[in-house]
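Single-structure report; data block below.
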């Protein structure tokens with residue numbers, strides 16, 4: 001089995017990441033590979049990479065991007081002013097699922113949170129992603145909250 005390398009995303013990766021998101025039937029985020037929208041993704045990439053508290057990563061096998069995730073560090077007065085990591089946008093390319101890539105990405109994020117001395121890591125998952133929920137539980141996550149969203153656009 002090929003080695004999975006985790007590295008920070010580069011602007012050259014954005015088109016591949018958008019294609020991974022656009023192929024996701026369950027996400028419902030409206031991601032598209034339409035050329036007229038691509039500039040918006042590049043702007044978002046620049047905002048993410050210019051923040052010291054956010055990092056966008058890719059998983060690579062044999063030189064190809066096969067997965068991605070984003071981390072955000074948040075500090076709160078709750079928990080005695082501690083900081084935690086939010087893991088977002090965890091996606092593995094559809095044809096590469098079941099090969100340990102997702103686990104490698106999450107393990108990398110957890111190791112990074114430990115290295116930074118953070119209090120905890122947390123993530124959210126679409127309620128319809130039952131397989132993902134079992135996956136996260138196998139990795140040691142516990143369901144602890146009920147989330148709510150409000151679309152503004």
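Residue numbers (the UniProt record's numbering): 1 to 153.
We treat Cβ as the ideally placed atom computed from N, Cα and C, and that holds for glycine.
8 Å contact criterion, which residue i and residue j should meet: CB distance rounded
| i | j | result |
| --- | --- | --- |
| residue 119 | residue 144 | Not really, about 14 Å apart at Cβ, beyond 8 Å. |
| residue 53 | residue 73 | 4 Å |
| residue 88 | residue 123 | 7 Å |
| residue 67 | residue 102 | 7 Å |
| residue 25 | residue 91 | Not a contact, Cβ separation roughly 12 Å. |
| residue 109 | residue 71 | 6 Å |
Classification of residue i by the beta-carbon crowding that lies within 10 angstroms, buried from 16 upward
| i | result |
| --- | --- |
| residue 154 | In the structure as shown, the chain begins at 1 and stops at 153. Residue 154 is therefore absent and cannot be evaluated. |
| residue 78 | exposed |
| residue 154 | There is no way to answer for residue 154, as the model of the chain reaches only from 1 to 153. |
| residue 75 | exposed |
| residue 13 | buried |
| residue 69 | buried |
| residue 17 | buried |
| residue 44 | exposed |
Start and end residues, beta strand (DSSP E) containing residue i
| i | result |
| --- | --- |
| residue 59 | 54-61 |
| residue 78 | From DSSP, residue 78 is part of no beta strand (DSSP E); its letter is neither H nor E. |
| residue 8 | 5-8 |
Beta-bridge partners of residue i, as assigned by DSSP
| i | result |
| --- | --- |
| residue 84 | 74 |
| residue 67 | 59 and 92 |
| residue 122 | 86 |
Unbroken alpha helix (DSSP H) run spanning residue i, endpoints
| i | result |
| --- | --- |
| residue 106 | 101-115 |
| residue 22 | 14-22 |
| residue 142 | Premise fails: residue 142 is in no alpha helix (DSSP H) and is neither H nor E. |
*Given 8 Å as the limit, is there contact between the segment 3-13 and the segment 45-62, that is, 3 or more CB pairs closer than that?*
Short answer: they touch.
*Indicate whether the contact test is met: 3 or more Cβ pairs, each with one atom in the segment 38-50 and one in the segment 117-131, closer than 8 Å.*
Output reads no: the segment 117-131 does not touch the segment 38-50.
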